[in-house]
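So the structure is just underneath, and the comments pick up after that.
In this note's numbering, the protein residues as written are 27 to 139.
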């Protein structure tokens, strides 16, 4: 049922069904605790040291991911649909692996594909 219908029929509950736990696994309910936990989590994710090893993406992994692309999906911003990659998955995997390595090595995402 759409939300408006649920509200009209009194079958709508506006409470939050998701839970947030602290590092020890204790459920948190107070708004200030939840806010502090979110801040702590984001800081942990964003303030990690850079990796010390170079990217090592095996060609078989890239090939497997290319083959798993579903046909008929809309292309992304690059206008390249999954059919293009599935036409020659080994070639596509080789090109993508080289691209991923260059992105890793240069520590930036290309603006022009």
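Cβ coordinates follow ideal geometry from the N, Cα and C atoms, glycine included. Because the structure is a prediction, the values reported are computed rather than measured.
Looking at the DSSP output, residue 47 bridges to 53. Going by C-alpha positions, residue 99 is about 42 Å away from residue 58. For a cut-off of 8 Å, the C-beta gap from residue 82 to residue 119 is around 15 Å, too long to register as a contact. Looking from the CA of residue 115, the closest CA among 101, 91 and 131 belongs to 91. Taking 8 Å as the cut-off, the Cβ atoms of residue 96 and residue 108 count as close.
Counting along the chain, the unbroken alpha helix (DSSP H) around residue 85 starts and ends at 85–93.
Within the same chain, Cβ atoms closer than 7 Å to the Cβ of residue 46 are found at 54, 60 and 63, the five residues on either side in sequence being excluded. The three-state reading of DSSP puts residue 76 in coil, since its state is none of H, G, I, E or B. Taking C-beta atoms as the reference points, residue 121 and residue 129 fail to come closer than 8 Å.
Counting only the Cα atoms, residue 105 lies some 37 Å from residue 65. Per DSSP, the unbroken alpha helix (DSSP H) holding residue 121 starts and ends at 115–132.
Here the alpha carbons of residue 56 and residue 93 stand approximately 46 Å from one another.
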